[in-house]
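In our numbering, the protein residues as written are 3 to 370.
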């Protein structure tokens, strides 16, 4: 998305995080975009990886051509960021709090970099997309930003929330020799273990390569009673004033598909039998509906998109449109939900198509 060397970058090493501010000027009051990287809440970074003399997620391209300020942040991941006992002993969500503190810092200081603190947009993909939607839903972020863009991830995505985090915490505790039964004693012990030992206690890559547990990732956000006081679906009241854009990046899950279903890589295409088997695993109960309306000959656009994407976008957009945002945008593939939204009449709903030259949006209808 970025991968172009930037000309004006300010690196800020904060107590809770590390962030970079990409800007073309210090004079104008530009809109601000804060980027949250993905990586299953377990790996990844916004800065520091040099690929062909270009830093991963360098914000120059968007800052330069979009006439905005781009802020890229890092946050704690895996066990350091999301280990939880599911109660007051270890609430978890430390990575989300890192993000929250970064947002607060930007709100307070971005005017010094030529930014408008009243025009802040959060955007991210995969775990970063889920993070942005959680910030929109959380009561702790009121007034800190105006818009949210979630790409291939949402607070309601099946892998985004761990509702039984204690098992993963005990795996770490067992690996480093801490008590297992008494949760208070376990957390007291874990807080005194070197961070390196905590990180090495559990292999992150195990969850990413095992199709049986990928959608139940061990170290992800939890319902902690504070940042997420309730299930995400019950928190839409907090996002009433936030404009929201939700969609999927093309082929986001292709890496996982190739690992789980090696048959999809056969030289001369996918056989019908393997296609049916793959969609049954990948999209479950939606499989029959997809097969009913699409054939193998037309490349099964509905099923292949669901298989290659991280989430079922239609269900997410319906939920956001039904409950919350002041303006909800949706992607061209989501046309099936228009009748549902028209029935609810709860939000302004815009259906858009992004053209290749990045201009305009086609508003098909806009109802109160």
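For glycine and all other residues, C-beta sits at the position ideal for the given N, C-alpha and C.
According to DSSP, simplified to helix, strand and coil, what is residue 133?
Position 131 of the chain shown, counting from 1, holds the residue named residue 133. Here residue 133 sits in helix by DSSP.
Below 7 Å between beta carbons: does that hold for residue 129 and residue 43?
Numbered from its first residue, the chain shown carries residue 129 at position 127. Numbered from its first residue, the chain shown carries residue 43 at position 41. The answer is yes: Cβ separation under 7 Å.
Assuming the contact rule is C-beta atoms closer than 8 Å, residue 140 and residue 21 should be a hit. Round their C-beta distance to whole Å, please.
Counted from its first residue, the chain shown places residue 140 at position 138. Counted from its first residue, the chain shown places residue 21 at position 19. Not really, about 19 Å apart at Cβ, beyond 8 Å.
I'd like to confirm the pairing. Which residues does DSSP put opposite residue 127 in its beta bridges?
For the purposes of this step, residue 127 is taken as residue 125 along the chain shown, with counting starting at 1. According to DSSP, which records beta bridges pairwise, residue 127 is partnered with 153.
Tell me whether the segment 152-161 and the segment 185-201 touch, counting them as touching only if at least three CB pairs, one residue from each stretch, are closer than 8 Å.
no
In the structure shown, what three-state DSSP assignment does residue 210 receive?
Numbered from its first residue, the chain shown carries residue 210 at position 208. Low per-residue confidence applies at residue 210: pLDDT is 49, beneath 50, and the placement is therefore not dependable enough to give any value.
Alpha carbons only, please: which of 35, 29, 110 is nearest the one belonging to residue 148?
Counting from one through the chain shown, the residue named residue 148 turns up at place 146. Measuring from the Cα of residue 148, the nearest candidate turns out to be 35.
What is the C-beta distance between residue 37 and residue 61, in whole angstroms, given that I count them as a contact (C-beta under 8 Å)?
In the chain shown, residue 37 corresponds to position 35, counting from 1. In the chain shown, residue 61 corresponds to position 59, counting from 1. 7 Å between Cβ atoms; contact.
Suppose you measure from the CA of residue 249 to the CA of residue 179; what does that come to, to the nearest Å?
Looking up residue 249 in the chain shown gives position 247. Looking up residue 179 in the chain shown gives position 177. Computed Cα separation, rounded: 43 Å.
Quick one: give me the first and last residue of the beta strand (DSSP E) that residue 24 is part of.
Your numbering for residue 24 matches position 22 in the chain shown. From DSSP, the beta strand (DSSP E) with residue 24 extends over 20-24.
Measure the CB-CB distance between residue 143 and residue 222 and report whether it falls below 7 Å.
Start at 1 with the first residue of the chain shown, and residue 143 comes out as number 141. Start at 1 with the first residue of the chain shown, and residue 222 comes out as number 220. Cβ atoms of residue 143 and residue 222: not closer than 7 Å.
Short of 8 Å in beta carbon distance, which residues of its chain neighbour residue 219, apart from the five on each side in sequence? Order them along the chain.
As a working note, residue 219 is residue 217 in the chain shown. So the list reads 42, 43, 44, 161, 164, 209, once near-sequence residues are dropped.
Given this structure, state the Cα-to-Cα distance separating residue 276 from residue 95, to the nearest angstrom.
Against the chain shown, residue 276 aligns to sequence position 274. Against the chain shown, residue 95 aligns to sequence position 93. When rounded, the distance between both Cα atoms is 39 Å.
For a quick check, are the C-beta atoms of residue 32 and residue 72 less than 7 Å apart?
Numbered from 1 along the chain shown, position 30 holds the residue referred to as residue 32. Numbered from 1 along the chain shown, position 70 holds the residue referred to as residue 72. It is not a contact, given that the beta carbons lie outside the stated cut-off.
In or out: residue 184 buried (at least 16 other Cβ within 10 Å) or exposed?
The count along the chain shown starts at 1 and reaches residue 184 at position 182. The residue in question, residue 184, is exposed, as its Cβ has fewer than 16 Cβ neighbours within 10 Å.
Mind checking who residue 72 pairs with in its DSSP beta bridge?
If you number the chain shown from 1, residue 72 lands on position 70. Residue 72 pairs with 24, 35.
Under a three-way DSSP split, which group does residue 225 fall into?
In the chain shown, counting from the first residue as 1, residue 225 sits at position 223. Coil at residue 225, not helix or strand.
Decide if residue 226 is buried, meaning its Cβ has at least 16 other Cβ atoms within 10 Å, or exposed.
If you number the chain shown from 1, residue 226 lands on position 224. Flag for residue 226 reads buried.
Starting from the Cα of residue 82, find the closest Cα among 89, 146, 97, 75 and give me that residue.
On the chain shown, position 80 is the one that residue 82 refers to. For residue 82, the nearest C-alpha among the options comes from 97.
Going by DSSP, what residue range makes up the alpha helix (DSSP H) through residue 82?
For the purposes of this step, residue 82 is identified with residue 80 of the chain shown, where counting begins at 1. That run of the alpha helix (DSSP H) goes 80-84.
First and last residue of the alpha helix (DSSP H) that includes residue 101?
Here residue 101 corresponds to residue number 99 of the chain shown, with the count starting at 1. Element bounds for residue 101: 96-111.
What's the C-alpha gap between residue 237 and residue 228?
Position 235 of the chain shown, counting from 1, holds the residue named residue 237. Position 226 of the chain shown, counting from 1, holds the residue named residue 228. Each residue's alpha carbon lies about 12 Å from the other.
How would you call residue 124, buried or exposed, if buried means at least 16 neighbouring beta carbons within 10 angstroms?
Residue 124 sits at position 122 when you count from the first residue of the chain shown. Buried.
State the Cα-Cα distance for the pair residue 234 and residue 242, rounded to the nearest angstrom.
For the purposes of this step, residue 234 is identified with residue 232 of the chain shown, where counting begins at 1. For the purposes of this step, residue 242 is identified with residue 240 of the chain shown, where counting begins at 1. Answer to the nearest angstrom: the Cα atoms are 14 Å apart.
Quick one: is residue 247 buried, meaning 16 or more other Cβ sit within 10 Å of its Cβ, or exposed?
Along the chain shown, one-based indexing puts residue 247 at 245. Per the 10 Å Cβ criterion, buried.
Are the beta-carbon atoms belonging to residue 168 and residue 175 less than 7 Å from one another?
The sequence position of residue 168 within the chain shown is 166, counting from 1. The sequence position of residue 175 within the chain shown is 173, counting from 1. Cβ atoms of residue 168 and residue 175: not closer than 7 Å.
What whole-angstrom Cβ distance do residue 105 and residue 137 have, given they're in contact under 8 Å?
Here the question's residue 105 lines up with position 103 in the chain shown. Here the question's residue 137 lines up with position 135 in the chain shown. Yes, they are in contact, since the Cβ atoms of residue 105 and residue 137 sit about 7 Å apart, within 8 Å.
On the DSSP letters alone, give me the boundaries of the alpha helix (DSSP H) that residue 236 sits inside.
In the chain shown, counting from the first residue as 1, residue 236 sits at position 234. Counting along the chain, residue 236 falls outside any alpha helix (DSSP H), and DSSP gives it neither H nor E.
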